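**Student:** One gets this note's numbering by counting positions in the sequence shown from 1 and adding 1 to each.
Below are the structure tokens for one structure; questions will follow.
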Amino acid sequence: QVHVVESGGGLVQPGGSLRLSCVASGFIFRAYGMSWYRQSPGKEREWVATIDSTGFRRNYADSVKGRFTMSRDNGKKTVNLQMNSLKPEDSAVYYCNTQPRSDSWGQGTQVTVSS
């Protein structure tokens with residue numbers, strides 16, 4: 002059973018930075034790619050970034066490319082999302098999931114970008 006716990010969200014001013022973390026359990030972490038998603042009120046959940054099982058290949062949504070960096074530590078079963086140059090439109094609840102995506106979602110972590 003996939004189990005993930007996201008953390009690291011908070012309130013930050015535009016232009017600021019946050020680092021999100023996701024600790025995973027219940028599956029062979031090193032065998033799976035991982036992805037970050039986000040969801041704002043009234044909007045569909047959208048894909049943000051994916052990293053492959055080795056950590057060498059990463060893909061990003063155009064809206065975050067050049068500002069966000071995804072990484073992983075297979076020893077700690079953790080993925081991170083470094084978010085820089087944050088914009089108000091980045092405000093959302095952020096979730097991590099396996100790639101391919103599991104039906105099991107964590108509680109997410111709230112990111113609010115506001116002055």
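By construction, the Cβ of each residue, glycine as well, lies at the ideal position given by its N, Cα and C atoms.
None of these values were measured; they are calculated from a predicted model.
(1) Which same chain residues end up closer than 6 Å to F28 when comparing Cβ atoms and leaving out the 5 residues on each side of it in sequence?
(2) Can you tell me the Cα-Cα spacing of N60 and V114, whole angstroms?
(3) Using the Cα positions of R73 and V80, report the straight-line distance between them to the nearest angstrom.
(4) Please specify which runs of the beta strand (DSSP E), each continuous and at least 3 residues long, are wholly inside the region 31-104, giving them in chain order.
(5) Please work out which residues of its chain come closer than 8 Å, Cβ to Cβ, to R118, disregarding the five sequence neighbours upstream and downstream, and give them in chain order.
(6) According to DSSP, simplified to helix, strand and coil, what is V3?
(7) Cα separation between L87 and S36?
(8) Taking just the CA atoms, how far does S92 sit from G67?
(9) Quick check on DSSP: helix, strand or coil for Q108?
(10) Quick check on this structure: which residue in E90, T70, G56, N85 has the alpha carbon closest to the alpha carbon of K78?
(11) When we look at the beta-carbon of E7 and count the other beta-carbons within 10 Å, is it buried (16 or more) or exposed?
(12) Could you tell me which of S22, S18, N85 sits nearest to Q108, measuring between CA atoms?
**Tutor:** This is what the structure gives:
(1) V3
(2) 23 Å
(3) 4 Å
(4) 34-40, 47-52, 59-61, 69-74, 79-84, 93-100
(5) Absent from the structure is residue 118, since the part of the chain shown begins at 2 and ends at 116.
(6) coil
(7) 19 Å
(8) 17 Å
(9) coil
(10) G56
(11) buried
(12) S22
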